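In the numbering used here, the protein residues as written are 9 to 404.
Virtual Cβ for every residue (Gly too), placed ideally from N, Cα, C.
As the structure is a prediction and not an experimental result, all values here were calculated from the model.
Below: one structure, written as structure tokens.
Here is the structure:
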């Protein structure tokens with residue numbers, strides 16, 4: 009396919025989609041689109057333009073329309089912007105956001121008119137959901153909240169009437185975890201019967217493996233993260249200090265990019281005498297990340313109010329034992345003491361207790377890893393998740 013298609017089944021609207029091969033931005037949406045294409049669903053994407061990329065391209069048989077909202081040097085809102093922060097109120101912030109929304113809406117209307125999609129699937133209620141509202145008159149509208157947009161509603165109550173208009177226009181609202189669905193249902197009880205739960209499908213063609221029969225020497229603790237306060241990397245560092253003080257041998261690999269806290273975390277690692285034990289690694293391609301999960305003895309995610317916790321699911325599919333905070337969507341993935349361990353949120357001592365329990369009890373680690381992998385395959389496989397979305401799409 010070298011030119012725009014004449015007809016689509018599903019049109020994705022999103023502010024976050026890979027800009028090139030290997031890009032980490034929105035890669036789960038690229039994977040989801042590919043899984044739909046494998047089922048014979050004609051899917052296309054409208055996403056923001058970024059410097060150096062074409063306005064229309066086909067990525068792995070998925071057509072992508074990129075809308076321009078400023079000159080190249082000024083296209084800074086998507087991919088590296090801050091939708092929920094103060095930037096909208098800063099110098100030229102309102103004007104920049106207005107141009108973004110206007111260009112997004114114009115392109116979405118044009119592509120929908122040209123391709124007549126049966127379903128418009130908006131990812132995040134803002135900006136894509138807001139842009140998609142008028143399209144609900146002619147197309148079946150599905151709105152998926154991924155986490156950051158729900159936290160925005162939790163922090164900024166004045167935005168809740170705006171979200172009500174988006175969710176109210178949708179034939180189906182989906183969230184990636186039960187925790188988020190509960191919030192939407194409680195906030196908009198009149199829409200409760202239109203709220204469903206499904207995470208984005210994992211790439212189980214890459215994330216798979218067997219449970220390790222012994223721990224490494226030294227054991228490896230893995231954290232797949234971003235350097236934001238919400239991820240609670242400082243809680244993990246404090247827990248690792250406790251393990252060192254207790255004489256537990258380990259190596260920890262923190263893999264990820266993004267966020268403003270990396271320098272602070274690096275300083276904490278030095279201050280707590282962990283430099284020889286903790287490595288900070290840039291984000292990796294999916295195949296390499298899967299190998300990291302397979303080599304690790306335990307994967308840890310201490311984040312609070314996590315939308316879902318995809319890293320823990322990927323780890324389980326690879327046969328790695330997992331530990332998460334008892335918060336947010338993580339509790340959809342980890343059943344404490346059955347498919348992993350849950351630590352009290354913001355409690356380094358309890359997190360250290362959980363890690364120590366698995367590093368010093370190999371039978372327990374293997375038992376939880378085996379159960380976690382079995383439940384993850386049965387509940388969150390790509391086949392199960394895609395089937396759920398297809399039931400909401402009602403393509404016939």
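With fewer than three CB-CB distances shorter than 8 Å, the segment 350-357 does not count as touching the segment 170-178. Residue environment for residue 182: buried (at least 16 other C-beta atoms within 10 angstroms of its C-beta). Inside the segment 57-123, DSSP marks whole alpha helix (DSSP H) runs of 4 or more residues at positions 101-123, from first to last along the chain. When only Cα atoms are considered, residue 22 and residue 135 end up about 8 Å apart. Around the beta carbon of residue 63, a 10 Å sphere encloses fewer than 16 other beta carbons of the protein chains shown; the residue is thus reported as exposed.
Per DSSP, residue 20 lies in no alpha helix (DSSP H); the unbroken beta strand (DSSP E) holding it starts and ends at 18-21.
With fewer than 16 other Cβ atoms inside 10 Å of its own Cβ, residue 88 counts as exposed.
As a beta-bridge residue in DSSP terms, residue 348 pairs with 344. Of all C-beta pairs linking the segment 319-328 to the segment 299-308, three or more are shorter than 8 Å, placing the two stretches in contact. Taken in chain order, the whole alpha helix (DSSP H) runs of length 4 or more contained in the segment 196-275 are 241-253. Excluding sequence positions up to five before and after residue 289, its CB lies within less than 6 Å of the CB of 261 and 263, all in the same chain and listed in chain order.
Under the three-state reduction of DSSP, residue 184 is assigned to coil, being neither helix nor strand.
In this structure, residue 85 sits away from residue 209, with a CB-CB distance that is not shorter than 8 Å. In this structure, residue 403 sits near residue 17, with a CB-CB distance shorter than 8 Å.
By the Cβ neighbour-count rule, residue 28 is exposed, with fewer than 16 other Cβ atoms within 10 Å of its own.
Annotation for residue 176: no residue places its beta carbon closer than 6 Å to its own, counting only its chain and skipping 5 residues before and after. Under the three-state reduction of DSSP, residue 49 is assigned to coil, being neither helix nor strand.
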